[in-house]
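Structure first, then comments.
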Amino acid sequence: MRRQAEAAVTEPSTVVANWVFECLHPEQMTFVQTRLFELLQLDSIHAVVLPGSQQLVTPEQPFLTLGED
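All the letters of the sequence shown, read from the start, carry residue numbers 14 to 82 under this note's numbering.
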């Protein structure tokens, strides 16, 4: 369940966004997929997944893998 979402343009070609998700059974989730590439002309998304990983999301692989360091 998404609990919070924010987005802002910080520079002409930079969008900063954050989402907070809460899940009753996080052990059952393996990835989160995004449809932002369908909405915006983006080459890639640099994502920080707490508690401590970073991932590059691309139109060819539009998802964040969860539970991996």
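In this text, a Cβ means the ideal position worked out from N, Cα and C, and glycines have one as well.
Backbone secondary structure at L49 - three-state DSSP:
As a first step, residue 49 must be located in the sequence shown, where it is residue number 36. It is helical.
Going by beta-carbon coordinates alone, are T47 and L77 separated by less than 9 angstroms?
By 1-based counting over the sequence shown, the position of residue 47 is 34. By 1-based counting over the sequence shown, the position of residue 77 is 64. The Cβ atoms of T47 and L77 lie closer than 9 angstroms to each other.
Quick one, which of E73, H38, G80, T23 has its alpha-carbon nearest G65's?
Indexing the sequence shown from 1 puts residue 65 at position 52. Of the candidates E73, H38, G80, T23, the one whose C-alpha sits nearest the C-alpha of G65 is G80.
What number of angstroms, rounded off, separates the C-alpha of P39 from the C-alpha of V45?
Numbered from its first residue, the sequence shown carries residue 39 at position 26. Numbered from its first residue, the sequence shown carries residue 45 at position 32. Near 11 angstroms, if we compare the C-alpha coordinates of V45 and P39.
If I follow the unbroken beta strand (DSSP E) through T71, where does it start and stop?
Counted from its first residue, the sequence shown places residue 71 at position 58. Where T71 is concerned, there is no enclosing beta strand (DSSP E), given that its DSSP letter is neither H nor E.
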